[in-house]
Amino acid sequence: MSGERETVLVTGGLGSSGRWVVDRLLNDYDVVCVDLDHPGFEATPREGLDFRAADLTDRGETYDLIGEVDPDAVVHWAAIPVAGEHPDGTTFETNALAAYNVLSAAGRADARVVQASSDGAYGFFFADPTPLPDALPIHESHDRLAEDPYGLSKIAAERCADRTARRDGVSVTSIRPSWIQFPGEYPCREPEYVEDLGAGAGNFWSYVDIRDVADLVAAALADPVDGHEAVNCVAADNALGRPLVDLLRRHYGAIPDDCAVAADSDRSAYAITKAERLFGWTPSRSWRDAADERVEGPELLEG
């Protein structure tokens with residue numbers, strides 16, 4: 332590590348989205364990438380990058396790790412990323428406990444934090460039946476009504492962030508991405524999704540490109556907020572490219588009474604004005620270009 336730049340510790344940095352975050356941050360920071368597994372001591376990390384292995388649900392390991400690294404900032408990206416792949420209790424316990432441990436240790440280390448929350452915290456996607464939002468577009472102040480273990484774990488993580496910001500006086504930003512897509516790999520444009528309104532109705536056909544997510548992480552690190560703030564992170568348009576109001580009427584037979592979305596707008600259901608106001612961030616990628624874009628994925632090792 333160079334010692335000349337700030338150090339950011341990124342949890343979950345070997346994951347499918349975490350490695351894009353690590354790659355983006357290496358432009359500006361030295362990065363310690365933390366995951367359950369280590370790539371091996373024979374592996375040569377890129378310049379400015381170091382690897383550590385830790386079980387973040389273990390409080391001792393987490394405190395030892397963050398205390399030893401003593402980072403300027405922590406990006407907490409490690410989690411079981413979706414409901415249904417593990418037993419419900421495992422999903423909730425893993426995500427909530429890891430968030431508690433990481434945020435607590437980061438607060439004690441006086442490190443500012445950016446963490447991955449989710450639009451799942453609102454409780455739309457896994458609810459049965461899916462409720463309509465109280466208003467359109469969906470702002471960050473909308474009630475968080477998650478019933479599933481994944482969404483509940485993200486609510487718990489955000490409450491931990493409230494506590495850490497208040498108790499330790501550090502900046503915490505919780506980023507709420509929608510369904511993350513990768514350049515050239517956009518399942519939200521596959522025929523089975525596009526041709527079936529029900530396939531994407533749970534999050535109102537929202538999505539976001541991983542590069543826009545990584546850009547928002549970088550922006551939040553560079554311009555820390557006072558206290559704790561949560562921000563939506565979604566593409567400007569919806570994944571079907573059709574008027575949002577028409578999609579809602581066709582699938583749900585209704586729209587919210589409080590609707591500020593123009594009848595002909597193919598925008599996302601989620602508001603992104605808060606991220607723009609706080610960090611100057613707006614999404615720059617759309618499925619129209621990125622779904623078929625050829626981009627090499629990030630490589631964190633030399634050679």
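Residue 537 in this note's numbering sits at position 206 of the sequence shown, with consecutive numbering throughout.
Virtual Cβ for every residue (Gly too), placed ideally from N, Cα, C.
Quick check on this structure: which residue in the options has the alpha carbon closest to the alpha carbon of residue i?
i    : options                : result
V576 : V400, L367, I586       : I586
L552 : C491, N358, G343, P614 : N358
F372 : A384, G379, F455, V413 : A384
L367 : D623, E471, T388       : T388
R573 : D597, R580, E560, Y583 : D597
S599 : A550, R355, F535, Y583 : F535
L631 : H473, V362, A488       : V362
G482 : A458, A466, I397, T495 : A458
G451 : V352, A414, R439, V341 : A414
A532 : Y431, D419, H582       : H582
I511 : R475, A374, Y601, S537 : S537
E627 : W351, L340, E416, V341 : W351
I411 : D588, G349, A622       : G349
W612 : D589, A496, A545       : A545
T342 : S509, A374, I397       : I397
P629 : S509, P514, K605, R616 : P514
L467 : A409, R608, Y601       : Y601
P614 : E521, D595, A550       : A550
V353 : D381, A374, E471       : D381
Which residue marks the beginning of the alpha helix (DSSP H) containing residue i, and which one marks its end?
i    : result
N563 : No alpha helix (DSSP H) holds N563; the beta strand (DSSP E) holding it covers 559-564.
V445 : Taken as a continuous stretch (DSSP letters only), V445 belongs to no alpha helix (DSSP H), being part of the beta strand (DSSP E) at 443-447.
V433 : 419-439
V626 : No alpha helix (DSSP H) contains V626, which DSSP labels as neither H nor E.
V352 : 349-356
A621 : 618-621
Whole angstroms are fine: how far does the CA of residue j sit from the CA of residue i?
i    : j    : result
D493 : G558 : 8 Å
K485 : R625 : 32 Å
F610 : S502 : 13 Å
D554 : Y517 : 30 Å
H369 : V406 : 18 Å
T461 : P376 : 44 Å
A566 : V592 : 15 Å
G634 : S347 : 20 Å
D479 : E424 : 12 Å
W618 : D395 : 42 Å
C663 : V433 : In this structure the chain extends from 332 to 634, so residue 663 is not present and cannot be described.
V365 : E392 : 12 Å
G344 : R355 : 11 Å
F455 : D620 : 28 Å
V400 : A427 : 23 Å
T504 : V444 : 6 Å
V539 : A622 : 11 Å
A429 : P508 : 19 Å
Y524 : L571 : 9 Å
D588 : S449 : 25 Å
Secondary structure at residue i, three-state DSSP: helix, strand or coil?
i    : result
A585 : coil
E516 : strand
A550 : helix
S502 : coil
V339 : strand
A606 : helix
Y394 : helix
D527 : coil
D361 : strand
R507 : strand
V576 : helix
P376 : strand
Y601 : strand
I469 : strand
D366 : strand
D401 : coil
V413 : coil
With residue i and residue j assumed to form a contact (beta carbons below 8 Å), what rounded beta-carbon distance in angstroms separates them?
i    : j    : result
N569 : I603 : Contact doesn't hold; Cβ gap of about 13 Å is too wide.
A442 : D386 : A442 to D386, Cβ: 20 Å. No contact.
A447 : I506 : 6 Å
E378 : Y360 : Not quite, the Cβ-Cβ distance comes to about 12 Å (not below 8 Å), so this is no contact.
A440 : T495 : At roughly 11 Å, the Cβ-Cβ gap does not stay under 8 Å, so A440 and T495 are not in contact.
Between which two residues does the beta strand (DSSP E) harbouring residue i extend?
i    : result
F382 : 380-384
A404 : 404-407
From the beta carbon of residue i, is the nearest beta carbon of chain D less than 8 Å away?
i    : result
G529 : Any reference to chain D falls outside this structure, which holds one protein chain only.
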